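The numbers in full-length UniProt numbering rise by one with no breaks, and the one at position 331 of the sequence shown is 331. Every residue gets a Cβ at the ideal spot worked out from N, C-alpha and C, and that includes glycine. Here the structure is a predicted model, which means the values were calculated and not measured.
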Amino acid sequence: MKKTLSKPAILIGTSFLIFVLPLIGSIVRWGKLPPGYGSFPAQKTVEPPGFSPGFFIFACAVALLIMLFLLVPRWFGFRSGAEHAVDEGGSGVTAPGSGSAVSVSDMPRSATDASNFSAATAEHGIDDRTAAAPSGYPVWFWWSLPVLVISWLLMWVRIPALPLLNAFSFVPLWWSFILLLDGVVYKRSGGNSIVAKKPHLMQIVAIVSCFSWFVFEYLNFFVLANWYYPNNTILSDFGNVFWFSLSYTTVLPAIFEWYTLLLTFPALRKRYANGPKLKLSRQMLLLFYGAGVILAFGMGYFPSQLFWVLWVALVPLLSAAMGIAGLWTPFTPLRNGNWTPILLIAIATLLNGLFWELWNFGSGYFNSETITNPNFWKYSVPYLDKIHLFSEMPILGYFGYLFFGVNCWIMWLAAAYICKFDPEIVPGTSGSWGKR
1 MKKTLSKPAI LIGTSFLIFV LPLIGSIVRW GKLPPGYGSF PAQKTVEPPG FSPGFFIFAC
61 AVALLIMLFL LVPRWFGFRS GAEHAVDEGG SGVTAPGSGS AVSVSDMPRS ATDASNFSAA
121 TAEHGIDDRT AAAPSGYPVW FWWSLPVLVI SWLLMWVRIP ALPLLNAFSF VPLWWSFILL
181 LDGVVYKRSG GNSIVAKKPH LMQIVAIVSC FSWFVFEYLN FFVLANWYYP NNTILSDFGN
241 VFWFSLSYTT VLPAIFEWYT LLLTFPALRK RYANGPKLKL SRQMLLLFYG AGVILAFGMG
301 YFPSQLFWVL WVALVPLLSA AMGIAGLWTP FTPLRNGNWT PILLIAIATL LNGLFWELWN
361 FGSGYFNSET ITNPNFWKYS VPYLDKIHLF SEMPILGYFG YLFFGVNCWI MWLAAAYICK
421 FDPEIVPGTS GSWGKR
C-alpha cells in the first residue's frame, strides 16, 4: 500500500528546510557560522557592498513594473466586473451588500447553491459584512486614541525625568494603532471586525506574529544583518528578548487589520477581481518548490547578491508545499482570475510599512544625541542604499513590503494548517481553507 505524507508533515518538512538551507549555504560560504550569527538583537558586523548603478537601475525597472501593475491593472489583462459578466454570458449584477459585480449565471438556485455561492464569493474577496447597517465607533477605538497620541509623543520626544516611558513606547503605540484600525473596520463594516467578532483569534494572531518575526530575525543573520538595532544597550539581554518578543506580537495583527480595512472598500474589492487566470499544475508547483530550495541555499552562500531572497523565499517554498498538499493559499484564487486577496494583502503591508518607517525614523531623528528607543532599527542594504525620504529605509526597500505581506499570510496559514486551527480572519480572507 502506497504511503503518502500528511499535509502537516509536508509543511513541517518544508519549514525545516527554510531553517536549514540558508544555514548550510552560509557554512559552505564561510566555513563557519556567518559573522554576527546569534547576536540579539541583530548588530551590524560587516559593511555591505556599496551602491551599484546597474543593480539600482534593474531594481527601479522592476519597481516601475510593479507600480504599473497595481495602478493600471487594465494594461495587464484585468477587466471590470461588467466586462467579466458579459464575457461569461450573464448580466452584471451586484451581490447583496458586496459592491462586487457577479453574473446572473453565478447566482444561487437552491439552499445548497446559496451555501456554495457564499463560499465562492468569499474566495473572490466579496465581503458581505458591509451589508450590515453602519455602526458607530467601538469603545476600544476611543480608548486607543489617547494611548496612541501619548505613545507617539513618548517615542519622538525625550522626557529626561521619565526615561523608561520613552524606552517602552513601541508596544502601546502599535497596539493602540491596531485597535484604532479595528475600530475603523468596525465602523465601516457595520460592527464586523476582528476584535468584535473573533477576539480569541486576535490572541492567536499575536502569538503567531511573534514566532513569525523571529523567523525573519533568524534569516537576517544569513544576509549579514540587512537591518540591525544599534540601541541594544538600553535593556539587558533578557530585557531585549522579552521586550522584542512583545513588540513582534504587533506585526501580523497590524497587517491583517489593514487588509480587513481595504476589504471594506468595494472599489478595491472589484479592482483586481477579474484578472488573468493562472492555473499551476503539480509539475509547476514542484518546479517552484525546487526554485525555492535553490534560493534558500543561495541566500546563505551569496548573502549580498541574493539578500532580497529573504523576503521571497517563503513564497516558492511554503506556498508550493501547500499547493502540492491541496491546501488553500493566497495564490489559489488566481485560478479564477481573482487577484484581490494576494494584492490587497500586499498593499495593506505597504501601507503599514509607511507607519513602521515613519515612527522609527522620528524616534531617531528627534533623539539623535541620545538613546531612547530600543526598537529603533537601521538598514545595511547592499547595492541599493540610495534616496531616503523621512525613513531609514532606502526608497526601493518599500517594494519589499509587498512581498513581505504575502510571506506573513503564508506563515499564518502554515501555522494554522500544522496546528489545526481555522485561519479565517474575516469572511473572504481565506475562503474554504484547507480545501481546493
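Could you tell me if residue i is buried or exposed, where buried requires 16 or more neighbouring beta carbons within 10 angstroms of its beta carbon?
i           : result
Asn-240     : buried
Pro-53      : exposed
Ala-254     : buried
residue 440 : A question about residue 440 goes unanswered here, because the residues of the chain that appear run from 1 up to 436.
Tyr-401     : buried
Leu-384     : buried
Thr-340     : buried
Arg-74      : exposed
Lys-270     : buried
Thr-370     : exposed
Met-67      : exposed
Tyr-186     : buried
Ser-363     : buried
Leu-306     : buried
Tyr-137     : exposed
Ile-57      : exposed
Val-149     : exposed
Leu-413     : buried
Leu-64      : exposed
Val-205     : buried
Phe-216     : buried
Pro-22      : buried
Ser-6       : exposed
Ser-281     : exposed
I'd like the list of long-range same chain contacts for residue i, defined as Cβ closer than 7 Å, with 5 residues on each side in sequence excluded.
i       : result
Ile-387 : Pro-394, Ile-395
Ile-418 : Pro-8, Leu-11, Ile-12
Ile-234 : Ala-167, Ile-371, Pro-374
Ser-304 : Pro-48, Pro-49, Pro-382
Tyr-398 : Leu-350, Gly-353
Asn-231 : Ile-371, Asn-373, Pro-374, Phe-376
Leu-268 : Leu-262, Leu-344
Gly-292 : Ala-313, Pro-316, Leu-317, Ala-320
Ser-245 : Cys-210
Trp-243 : Leu-235, Pro-374
Val-147 : Pro-172, Ser-176
Ala-59  : Leu-384, Leu-396
If residue i and residue j are in contact, beta carbons under 8 Å, what's the gap, nearest whole angstrom?
i       : j       : result
Arg-29  : Tyr-301 : 5 Å
Asp-422 : Ala-416 : 7 Å
Gly-77  : Pro-276 : 4 Å
Val-315 : Ile-410 : 7 Å
Arg-188 : Thr-264 : 4 Å
Ala-320 : Leu-285 : 5 Å
Phe-390 : Phe-361 : 6 Å
Asn-338 : Ala-273 : 5 Å
Gly-190 : Ser-135 : 5 Å
Within its chain, find whatever has a CB closer than 6 Å to the CB of residue i; leave out the 5 residues flanking it on each side and keep chain order.
i           : result
residue 499 : Residue numbering for the chain in the displayed model covers 1 to 436; residue 499 lies beyond these limits and cannot be assessed.
Leu-278     : Leu-334
Ile-24      : none
Leu-145     : none
Phe-288     : Pro-316, Ala-320
Thr-260     : Val-185, Val-426
Sorted by chain position, which residues of the same chain lie with C-beta nearer than 8 Å to residue i's C-beta, five sequence neighbours on each side aside?
i       : result
Met-202 : Ile-194, Val-195, Pro-253
Arg-436 : Confidence in Arg-436 is poor, its pLDDT being 40 and thus under 50, which makes the residue's placement unreliable; the coordinate value appears in the next sentence. Excluding residues within five positions, the ones whose Cβ falls inside 8 Å are Gly-326, Leu-327, Trp-328, Thr-332.
Asn-220 : Ala-42, Asn-226, Trp-227, Leu-310
Phe-141 : Leu-179, Leu-180, Asp-182, Gly-183, Val-184, Tyr-186, Lys-187
Pro-34  : Ser-26, Phe-221, Phe-222, Leu-224, Gly-300, Pro-303
Pro-163 : Thr-372
Gly-38  : Phe-221
Leu-165 : Leu-154, Ile-159
Are there any heavy atoms of the ligand SAH lying less than 6 Å away from the beta-carbon of residue i, as far as the coordinates show?
i       : result
Val-205 : For the ligand SAH, the structure offers nothing, since it holds no ligand at all.
- Query: Contact between the region 340-349 and the region 403-415: three or more CB pairs below 8 Å?
  - Reply: yes
- Message: List, from N- to C-terminal side, the alpha helix (DSSP H) runs of 4 residues or more that fit wholly inside the region 284-362.
- Response: 320-325
- Message: Does the structure place the region 169-177 close enough to the region 149-158 that three or more beta carbon pairs sit under 8 Å?
- Response: yes
- Indicate whether the contact test is met: 3 or more Cβ pairs, each with one atom in the region 250-267 and one in the region 178-191, closer than 8 Å. yes
- Taking 8 Å as the threshold, find out whether the region 223-242 comes into contact with the region 39-47 through three or more Cβ pairs. yes
- Spell out a yes or no on whether the region 135-155 and the region 323-336 are touching, meaning 3 or more CB-CB pairs, one atom from each, closer than 8 Å. no
- Validate contact between the region 8-27 and the region 283-298 using beta carbons, cut 8 Å, 3 pairs: yes
- Query: Counting pairs of Cβ atoms below 8 Å between the region 204-213 and the region 354-374, do you hit three or more?
  - Reply: no
- Message: Ignoring anything shorter than 4 residues, give me the alpha helix (DSSP H) runs that lie fully in the region 146-204, in order along the chain.
- Response: 163-167, 170-189, 194-197
- Unbroken alpha helix (DSSP H) runs of length 4 or more, entirely within the region 1-79: which are they? 7-30, 53-71
- Message: Please give me, in chain order, every unbroken run of the alpha helix (DSSP H) with length at least 4 that falls completely inside the region 363-424.
- Response: 399-419
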